[in-house]
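Numbering-wise (the numbering used here), the sequence shown opens with residue 30 and increments by one.
Below is one structure, written out as structure tokens, with a few remarks after it.
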Amino acid sequence: MTAAVAVAAKTTTGNKPRVWAGACEGTPLRFDGASYGDGPTARTRTLGPIDFTTGQVRSLQFVTMMRRIGKYRVQKKIAAGGFATVYRAMDTVEGVPVALKIPHVEFQSPARLAEFRKEIRMAASLDHPHILPLKNAEVYDSQIVVAFRLGDESLAERLRRRVSTGKVLAWASQLVEALAYAHEKRIIHCDVKPENLILFDDVLRLTDFGIARVAAQTMSASGSGTVGYIAPEQAMGKPSFRSDVFSAGLVIYRMLAGEVPAWPFRWPPPRLARVRSKVPLEFVNFLRRSLWVDHRKRFEDAVAMANALDRIQPALERFRKRGP
Ligand SMILES: Nc1ncnc2c1ncn2[C@@H]1O[C@H](COP(=O)(O)OP(=O)(O)OP(=O)(O)O)[C@@H](O)[C@H]1O
Ligand SMILES: [Mg+2]
């Protein structure tokens, strides 16, 4: 991360432009089975696991019926998240494979469509080597269809296989750089997790800016009632840049430890000894600064995280040469 980012961030902060947190703001989360941030004000907002009587089926029917959506020839379903189904398709004009994201039908009301349009515009304005660019977004038969370059796999899938520490550290800095760029533009991602990091030739790209908002609220993605990668204050309906810092810290911790820490996120998290054997103390402290439950003790945003990562590069280099 270059100092230029930090300087630019200061300027942007000075102007106090509005922060984009989309619909992930203001809605406390509750879970079936496991509650999180439970309190008198918490409202229930769950979608539950995928239900074949609801939108997803209709979304699938839409695709099965169409087979071809505009210039795209749908080939197969890749995955279904809480908010959309993702298909592999061929762009018959450009001749390249794409990932088509089609929100479930319950997210396709006119009000939601208007919201998506705004969010898609915001997502389309992002231009960074570690952010997955939108290829195209169109409305077909009042269904919104968003196309992205097709990646090799998500980080979640990749983490099922062994990853070297060198690669984890490279991915950690790619993630932090992408987030720092977004934060500099006053955008909070709100849903940083391995499923939203897509690998292209071993290079990470963060996806689901804007269009992840509704999904982040419903928490149906995990389907397991776990809080996943969401920061405590975000679960209480108050996301901030620090919430993204927390989620990114968890993703990095997960890559090193092989397991994601769970609520109540007490320090030391599980498998800290394993993490300490792989990285210098300076990096462990960096993770700790990212993972405080009290958001005021965390890095204020990913720009601060990126600067801290820069400062510990010499320690990482020494550690790499000498070993633990
Ligand atoms: N551009 C892409 N290239 C390849 N695979 C992708 C791409 N975009 C998404 N995927 C795959 O589709 C999966 C589902 O994505 P999706 O964003 O719909 O769900 P999610 O991130 O798991 O949950 P959520 O609904 O909370 O966003 C991802 O985990 C990834 O495996
Ligand atoms: Mg996603």
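Using N, Cα and C, we set each Cβ at its ideal position, and we do this for glycine too.
It should be emphasised that the depicted structure is a prediction, and the values quoted were computed from it without experimental measurement.
Listed as beta-bridge partners of R117 by DSSP are K105, A128.
Residue state for Q203 is assigned as helix, using DSSP reduced to three classes. DSSP, read as helix, strand or coil, puts R271 in helix. In this structure R178 is in contact with K164, their Cβ atoms being roughly 6 Å apart against a cut-off of 8 Å. Y282 sits buried, since 16 or more C-beta atoms from the chains shown fall within 10 Å of its C-beta. The beta carbon of R317 is closer than 8 Å to those of W296 in its chain, skipping five residues each way along the sequence. In this structure, DSSP gives K164 an extended state, which the three-state scheme calls strand. Of all C-beta pairs linking the region 128-141 to the region 104-119, three or more are shorter than 8 Å, placing the two stretches in contact. Nearest to R340 by C-alpha distance, out of V197, F312, S319, is F312. The region 215-225 and the region 119-129 do not touch, with fewer than 3 CB-CB distances between them shorter than 8 Å.
For V304, the enclosing alpha helix (DSSP H) has its first and last residue at 301-307. Membership of R347 in the alpha helix (DSSP H) is indicated by the continuous run 342-351. The continuous beta strand (DSSP E) containing F229 extends over residues 226-229.
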